[in-house]
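In the numbering used here, the protein residues as written are 7 to 169. Accompanying notes for the structure given below.
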Ligand code: C5P
Ligand code: MG
C-alpha cells in the first residue's frame, strides 16, 4: 500500500543484543576499543545500525528488518549491517522521503562511550547522507539492571522531498 504523503513521518526502532566474550563490539559502524565483550548475533551485531534500519522502515510503515533479513536464513549470517541500513534507506528514498534528523540512545554499562560520541555521530550521519549535527547520540547505563546486554533506541524524522 502506498504510504500517505505526509510532509514528515516519525520512525522509531529498537535493538538489543546479549554480550559475550570473544566478540568485537561495533556500534554505529565504530569499533569500540577496550570493550571486554561484543554482541551475540547472527549478523555483525551492530545494534545501532539495526535499530536505525528499523526506525527508517517504521517511519514509512514498511515493517521491520526481520521481514527482509530473517535471521533463520543462513545466507544472512555475518551480514554487514551497513547493507541492511543502505537497503532500508533506499526504500525510504523510493517513497520520496529522506532522513531529516536522528536521535539515538545506547544503553550499555561498560565501557564508557562518551569519548566516542563524535565518531558515532559522524559515522551514522555519513551513512544517512546527514551532517553530524543532525545525529544526536546519548548514552545510558542500565544502573546494573542489564549488565549483559547492549540496548539501542532510535527515532528518526523523515522529510518528504518535493517531486
Ligand atoms: O546512565 P547514567 O545516567 O548513569 O549515565 C551517566 C553518564 O555516563 C551520561 O553522561 C552518559 O553519557 C555516560 N555514559 C557513557 N557510557 C556509557 C554509559 C553512560 O559515557 N556506556
Ligand atoms: Mg541486531
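The C-beta atom is built at its ideal place from N, Cα and C for all residues, glycine as well.
With hydrogens ignored, establish whether the beta-carbon of residue i is closer than 7 Å to any heavy atom of the ligand C5P.
i           : result
residue 151 : no
residue 147 : yes
residue 120 : yes
residue 33  : no
residue 110 : no
residue 163 : no
residue 114 : yes
Quick check: residue i and residue j, are their CB atoms within less than 8 Å of each other?
i           : j           : result
residue 68  : residue 108 : no
residue 117 : residue 38  : yes
residue 55  : residue 35  : yes
residue 70  : residue 79  : no
residue 21  : residue 53  : yes
residue 103 : residue 164 : yes
residue 190 : residue 113 : The chain is shown from 7 up to 169; residue 190 falls before or after that span and cannot be answered.
Hey, how far is the Cα of residue i from the Cα of residue j?
i           : j           : result
residue 46  : residue 23  : 6 Å
residue 18  : residue 94  : 13 Å
residue 33  : residue 76  : 21 Å
residue 92  : residue 115 : 29 Å
residue 12  : residue 105 : 14 Å
residue 124 : residue 25  : 23 Å
residue 167 : residue 141 : 19 Å
residue 151 : residue 158 : 15 Å
residue 155 : residue 144 : 17 Å
residue 73  : residue 84  : 17 Å
residue 126 : residue 87  : 15 Å
residue 43  : residue 110 : 21 Å
residue 28  : residue 8   : 44 Å
residue 120 : residue 97  : 32 Å
residue 48  : residue 82  : 7 Å
residue 89  : residue 50  : 11 Å
residue 153 : residue 146 : 12 Å
- Item | 4 or more residues per run - each alpha helix (DSSP H) lying fully within the stretch 110-153 | The stretch 110-153 contains these whole alpha helix (DSSP H) runs: 123-134.
- Task: With a floor of 4 residues, list each alpha helix (DSSP H) that falls wholly inside the stretch 36-93, ordered by position along the chain.
- Result: 53-65, 71-74
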